[in-house]
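Novice:
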Amino acid sequence: MALPLPPGLTPTEVAFLCEMEMVTVVPRQKLESLDLLAGATQPLRPPHRVPLPLWLALLLKRQRRANILPPPWLFPASLDKILKHETEISPETFSPPPPHPYAVSVLPSATDHISPPFLPSSTADSPPDYLPYHWLELGEILLEACSDDIPDPDRVRTLLRDLREVRMAKMRASTKDLEGGGISSLRGVGAM
31 MALPLPPGLT PTEVAFLCEM EMVTVVPRQK LESLDLLAGA TQPLRPPHRV
81 PLPLWLALLL KRQRRANILP PPWLFPASLD KILKHETEIS PETFSPPPPH
131 PYAVSVLPSA TDHISPPFLP SSTADSPPDY LPYHWLELGE ILLEACSDDI
181 PDPDRVRTLL RDLREVRMAK MRASTKDLEG GGISSLRGVG AM
């Protein structure tokens, strides 16, 4: 007899979903457009930057066909600023999520239904001081697969660990507030 599955996603499933995030690559070789389920990619022409899903960028990186540009939030200065916001400026709440990259209109459009995990918040053009939905998973994957493309990877690893610990402490504190009948905002917490 099989046990019932627990509700929610496992860390492995969250990491799998994270690989759908778009990142920016600089190709080393010319490659024509690829037809993927999510749509066709742009043709790869060195040295022009191209947004690709993380899983494809990692594959091209392993084959030494492209370099992955780290998102602006993964630089030490940005992580320092976010950590300062979480510990000193607003110790009770999480740093805000990135702004919506598309203009929000009154009439429904094709981009209105896109949810935070699949917005282009991890490309090289994304705002630097906001963490995307999959910030922890994406940071760990990029540090493991392409630390040579990230400036000061040891410092980034330390800052990500500190930020994770600060956020976990806030999550524990928010559950205590909920037990007492209070309310808690999880805006900007991400997938972690």
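The sequence shown begins at 31 in our numbering and counts up one residue at a time.
Glycine included, each C-beta is placed from N, C-alpha and C at the ideal position.
Could you please give me the residues that DSSP links to Val80 through a beta bridge?
Specialist: The sequence position of residue 80 within the sequence shown is 50, counting from 1. Partner(s): Val55.
Novice: Considering only C-alpha positions, which residue in the set Leu74, Pro127, Leu173, Asp182 is nearest to Pro158?
Specialist: Within the sequence shown, residue 158 is the residue found at index 128, counting from 1. The residue with the shortest Cα to Cα distance from Pro158 is Pro127.
Novice: Using the Cα positions of Asn97 and Leu84, report the straight-line distance between them to the nearest angstrom.
Specialist: Numbered from its first residue, the sequence shown carries residue 97 at position 67. Numbered from its first residue, the sequence shown carries residue 84 at position 54. Each residue's alpha carbon lies about 12 Å from the other.
Novice: Per the contact definition of three or more C-beta pairs closer than 8 Å, is the stretch 76 to 90 in contact with the stretch 33 to 43?
Specialist: Contact between the stretch 33 to 43 and the stretch 76 to 90 is not established, with fewer than three Cβ pairs separated by less than 8 Å.
Novice: In the DSSP assignment, find the alpha helix (DSSP H) that holds Ala107 and state where it starts and stops.
Specialist: Working through the sequence shown from its first residue, we reach residue 107 at position 77. Per DSSP, Ala107 belongs to the alpha helix (DSSP H) from 106 to 114.
Novice: Starting from Gly69, follow its DSSP beta bridges and name the residues at the other end.
Specialist: Within the sequence shown, residue 69 is the residue found at index 39, counting from 1. According to DSSP, which records beta bridges pairwise, Gly69 is partnered with Leu66.
Novice: Going by beta carbon distance, what residues of the same chain come within less than 8 Å of Ile119, once the five residues before and after it are set aside?
Specialist: Against the sequence shown, residue 119 aligns to sequence position 89. Excluding sequence neighbours, Ile119 sits near nothing in its chain.
Novice: Here's the rule: buried if 16 or more other CB atoms are within 10 angstroms of the residue's CB, otherwise exposed. What is Ser63?
Specialist: Position 33 of the sequence shown, counted from the first residue, corresponds to residue 63. That one is exposed.
Novice: Which two residues bound the contiguous alpha helix (DSSP H) that contains Ala175?
Specialist: Walking along the sequence shown from the start, residue 175 turns up at place 145. Where Ala175 is concerned, the enclosing alpha helix (DSSP H) stretches over 165 to 175.
Novice: Straight-line CA distance for Tyr160 to Pro57?
Specialist: Taking the sequence shown and counting its residues from 1, one reaches residue 160 at position 130. Taking the sequence shown and counting its residues from 1, one reaches residue 57 at position 27. Answer to the nearest angstrom: the Cα atoms are 26 Å apart.
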